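Here's the structure, in structure tokens; my notes come after.
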Amino acid sequence: MTEYVLPTHANALGTIFGGQVLAWIDLCAAICAQRHTGRTVITAGIDDLSFDRSILVGQVVRLRAQVTATFRTSLEILVTVHGEDATRGDVWPTVTAFVTFVAVDASMRPAQVPPLLVESPEERALAEAAAERRQRRLARRGRPERSA
Ligand SMILES: CC(C)(COP(=O)(O)OP(=O)(O)OC[C@H]1O[C@@H](n2cnc3c(N)ncnc32)[C@H](O)[C@@H]1OP(=O)(O)O)[C@@H](O)C(=O)NCCC(=O)NCCS
-11 MTEYVLPTHA
-1 NALGTIFGGQ
9 VLAWIDLCAA
19 ICAQRHTGRT
29 VITAGIDDLS
39 FDRSILVGQV
49 VRLRAQVTAT
59 FRTSLEILVT
69 VHGEDATRGD
79 VWPTVTAFVT
89 FVAVDASMRP
99 AQVPPLLVES
109 PEERALAEAA
119 AERRQRRLAR
129 RGRPERSA
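Position 119 (the sequence shown) corresponds to 107 in the numbering used here; numbering is contiguous.
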């Protein structure tokens, strides 16, 4: 997903408003999750994130989403955000986020998600790390993993 930073997207300093970036992250991840599941998805959570570099009005925001792992009714999406100065050709990393969605049926009940086909060593590493993050999320919510 590519966005152009307009004055309406900026804070008082003329740099991009963090809440706007979060909204784009959520949208980009939701499109990815819907494509994978073929269902309506609900944002369950976004892991903590930090903004490494700002993006200015007149610059470009590049967002890339990928499914890292699927579970029973939820799935984790990694969104990588880069800033771009289209006039100079510079591109820089800005923030990465892990977003968890729950797929729902027509009655808004959680519904099973299709498995993810993990092929490369990089995809396998992402999926293993996602499983560890899930354990930490469940532990924080006081809901340890149920056996399958
Ligand atoms: C997300 C939501 C649907 C989960 O409903 P629930 O009744 O807790 O459902 P369950 O306990 O059966 O959990 C369903 C799945 O969601 C996951 N989940 C629930 N809350 C989660 C959270 N905060 N973070 C990550 N995963 C979460 C569970 O691990 C489970 O995944 P699994 O089936 O793959 O194991 C519900 O909490 C909700 O509707 N929240 C509001 C979401 C919303 O309004 N988002 C819009 C942005 S404000």
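We treat Cβ as the ideally placed atom computed from N, Cα and C, and that holds for glycine.
Quantities reported herein were computed from a predicted structural model and do not represent experimental measurements.
Proximity of residue i and residue j at Cβ, strictly below 8 Å
i, j, result
"residue 104", "residue 55", "yes"
"residue 53", "residue 65", "yes"
"residue 88", "residue 62", "yes"
"residue -9", "residue 49", "yes"
"residue 112", "residue 106", "yes"
Nonlocal neighbours in the same chain, by C-beta distance under 6 Å from residue i, ignoring five residues either side
i, result
"residue 25", "91, 101"
"residue 42", "3"
"residue 114", "56"
"residue 35", "86"
"residue 37", "83, 85"
Assigned exposure category for residue i - 16 Cβ within 10 Å defines buried
i, result
"residue 67", "buried"
"residue 6", "exposed"
"residue 60", "exposed"
"residue 47", "buried"
"residue 86", "buried"
"residue 131", "exposed"
"residue 21", "buried"
"residue 136", "Its pLDDT being 49, under 50, residue 136 is placed unreliably by the model, and nothing is read from it."
"residue 1", "exposed"
"residue 118", "buried"
"residue 44", "exposed"
"residue 58", "buried"
"residue 27", "buried"
"residue -7", "buried"
Cβ neighbours of residue i in the same chain (closer than 7 Å, five flanking residues each side left out)
i, result
"residue 144", "Not covered by the structure: residue 144. The range shown for the chain is -11 to 136."
Any non-hydrogen atom of ligand 2 within 7 Å of residue i CB
i, result
"residue 72", "Ligands present in the displayed structure are limited to ligand 1, and ligand 2 is not among them."
Alpha helix (DSSP H) runs wholly inside the region 28 to 98, at least 4 long, in chain order: Those alpha helix (DSSP H) runs which fall completely within the region 28 to 98 and span 4+ residues do not exist here.
Contained beta strand (DSSP E) runs [length at least 3] in the region -10 to 32, N- to C-terminal order: If we require 3 residues or more, the beta strand (DSSP E) runs fully inside the region -10 to 32 come out as -10 to -8.
Chain-ordered residues, beta carbon under 5 Å from a heavy atom of ligand 1: Listed by chain position, these are 30, 31, 32, 33, 59, 60, 61, 62, 88, 90, 98, 125.
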